[in-house]
Amino acid sequence: MATTTEDLKSKANAAYSKKDWREAVRLFADVVEQEQDGPAKATLLAKRSTAYVKLEDYSSALADAERAVEADPSAALAQIRIAEAALKLKEFEKAEKAYVRAGELATDTSSRKRYKEALKSIQRAARPSSTRNVNERPPPRTRGTRPSISASLPTRTDHDFTVTSETWRDRLIRSMTNEGFQYQPEGGIAVALAAWNQCELGLQHLHRTVYMVPAGLHVDLFNPDCLTMFCDCILSTELGFHLTPSPNPGDLPTLTKLSKLIEAEADKGDFRKYLTDSKWTPQRIVQDLNKRISVEGRQLIRRFTASLINGRIIGGFFCHYAKKHKQAVASYRLALDVLEEGKRQWAYESQGTRGNVFSPTVVRGVKVVLMKALMRGHKQAKTDEERRDFPLDEIEELADSLLEDELPESYYTRQAGIFRTGFQFCCLLLCAYAGLAYASAYRAEEPFRNQQPGVPDIVNLDVARQANDWYDAAAAAMPFDWHQKRDILWAGLRLRLLTGGSTIKEVRECAAEAKRVDDFATRFFGPLPVKHEPRDFVDLQAQACEQWLCTAGPHHSPNSILKPIPRIHCPPGFDSDTVLTKEFWEAPHMEGEVGLIDATMAR
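Put into structure tokens, the structure is as follows:
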């Protein structure tokens, strides 16, 4: 059977998603030459340009990017690819021009802003070193109100992770024992198990470090492993975090012991003041710690710094799950700011001297948990005023920095395979791709906010398509057994339905895949909430597709394309046909054949 162009394109895109760059380059070569000039060819060339960059063939990457511009002069993505390749070749002027042009072509404010920031970075990089101020420092970040240490410590009123019933790990072990189930050695479940084991090690250290004696509570301070193990778990996946009672009779609750340890180290290390007084900016904190080295020694300051950062990570984690989102964000921000400031002020030191808390995985991991806290806070905020505490721009900035800060291949080869999975999927996908998708999707649905009753509206199509690409990127590269893959699939398909452009057949296939992943996740991690808006919307519209097919004429089929789905709030007795007229459905932006609606009763 002959291989069609679409088959080759599908294989090339699959190789691209799997980051098999050599195979992607080979397959795209067969497809590109068969494609006529236009957006489709520009996209293919832009992807091959990216593959060449990953293979460090920057000249070929630049050539493909320039061909992409020739194929579609209006493609902002092609200009970005020119800029990326030109930067690698140190052709700063060309990169600068490409970013300027990308900003002119961008269809949404967030992209223009990111391109503008990238342009500033190029201009700084292009400046001769003699013109730079070696002491220049970025202004300190003043993001929100810093919580006191007592406000962000885990307490009994917070989300309690004490194991009291069957866990996902118990269900997994039972399935492995009774049913012969085998998980992927480098998949999502493997990452969760590794995180669980790290937490177990943290608990062992905690119970040996904090315990009751006849004279009262005894605390061994600055154990280098105790808080670190808990943070390793948190920064891998929250699924692994759990608490178990102390094996020692009459001991304190585990959550209390963890709080006591963090608080005692803050007092002994004399850094409680950094956490309770807002005058201590990250820059001043690190400067003060640096001054203390001459008196207290580098080893002690290293331990104090690690405890300060680890305590903020753990405190932020508990605030996050207690739905204290502002406190969680403030705690994570402080951890990240101190990490970044410490790396800058102690740049002359090796990582071994600064401490493992400054490793790339920790820095990226903190960006991940901060982004998750921002997304959850933004999602659960009820008003625009509340949402301002969780800015979308910050989510996008963190996502961009994660995607740009890729570790060299040599770093992975020194680690176990599970490290690659946890580092790539937790940091790169769940946060970066999902964060960009969330921000773009929220902006795409701006027309739905403050929508007037009886007036139909659709999403911002350009921004929605951009969000669809991010959702696709996240879903394509995630392991099948990653516990949050089902959320990405349902949210992505919901937005794709609102955007239009898919066939009924594609909707069927995507819905079936989302359900398959959901069923698997439910088996171990439990079901989604009974009311789950993305899944419920997909189910409703999938049923509407089938009903439409039953009543459509013979010239329609599962290959019929959906129009964008308008939303309309209907007052009692309102007839939507009075506004969803033939003129509405045949407007230029309503391309497609299948017209579905998202109708709700107006309040």
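Numbering (numbering that gives the first Met the number 0), first residue to last: 0 to 602. Note that the Cβ used here is the ideal one computed from N, Cα and C, for glycine as well.
From the DSSP output, read off the bridge partner residues of residue i.
i           : result
residue 566 : 456, 597
residue 211 : 216
residue 561 : 593
residue 242 : 161
residue 502 : 560
Using the Cβ count rule (16 or more neighbours within 10 Å means buried), how would you classify residue i?
i           : result
residue 15  : buried
residue 544 : buried
residue 209 : buried
residue 270 : buried
residue 582 : exposed
residue 586 : exposed
residue 422 : Only weak support exists for where residue 422 lies, its pLDDT of 49 falling under 50; the coordinates are left without a value.
residue 214 : exposed
residue 584 : exposed
residue 326 : buried
residue 455 : buried
residue 477 : buried
residue 577 : exposed
residue 430 : buried
residue 346 : exposed
residue 256 : buried
residue 46  : buried
residue 498 : buried
residue 6   : exposed
residue 392 : exposed
residue 374 : buried
residue 343 : exposed
residue 4   : exposed
On the premise that residue j lies in contact with residue i, defined as a C-beta separation below 8 Å, what is that separation, rounded to the nearest angstrom?
i           : j           : result
residue 509 : residue 527 : That pair is no contact at about 17 Å.
residue 247 : residue 206 : 7 Å
residue 474 : residue 484 : 7 Å
residue 440 : residue 494 : 5 Å
residue 548 : residue 555 : 7 Å
residue 365 : residue 335 : 5 Å
residue 288 : residue 275 : Not quite, the Cβ-Cβ distance comes to about 16 Å (not below 8 Å), so this is no contact.
residue 241 : residue 160 : 5 Å
residue 50  : residue 24  : 5 Å
residue 75  : residue 105 : 5 Å
residue 279 : residue 272 : 7 Å
Quick check: the Cα distance between residue i and residue j, rounded to an integer number of angstroms?
i           : j           : result
residue 472 : residue 183 : 21 Å
residue 594 : residue 239 : 45 Å
residue 100 : residue 449 : 34 Å
residue 54  : residue 40  : 21 Å
residue 387 : residue 517 : 33 Å
residue 312 : residue 148 : 12 Å
residue 236 : residue 513 : 21 Å
residue 487 : residue 468 : 12 Å
residue 281 : residue 329 : 12 Å
residue 351 : residue 447 : 52 Å
residue 174 : residue 438 : 38 Å
residue 223 : residue 318 : 24 Å
residue 94  : residue 44  : 18 Å
Are any of the Cβ atoms in chain E nearer than 8 Å to that of residue i?
i           : result
residue 196 : No chain E is present in this structure, which holds just one protein chain.
Taking 8 Å as the threshold (C-beta atoms), are residue j and residue i in contact?
i           : j           : result
residue 181 : residue 228 : no
residue 331 : residue 369 : yes
residue 525 : residue 561 : no
residue 309 : residue 232 : no
residue 11  : residue 27  : yes
residue 202 : residue 243 : yes
residue 152 : residue 284 : no
residue 306 : residue 221 : yes
residue 57  : residue 82  : no
residue 52  : residue 62  : no
residue 315 : residue 398 : no
residue 482 : residue 191 : yes
residue 480 : residue 296 : no
residue 523 : residue 167 : yes
residue 80  : residue 48  : yes
Hey, is residue i close to the ligand SAH, as in C-beta under 7 Å from one of its heavy atoms?
i          : result
residue 68 : For the ligand SAH, the structure offers nothing, since it holds no ligand at all.
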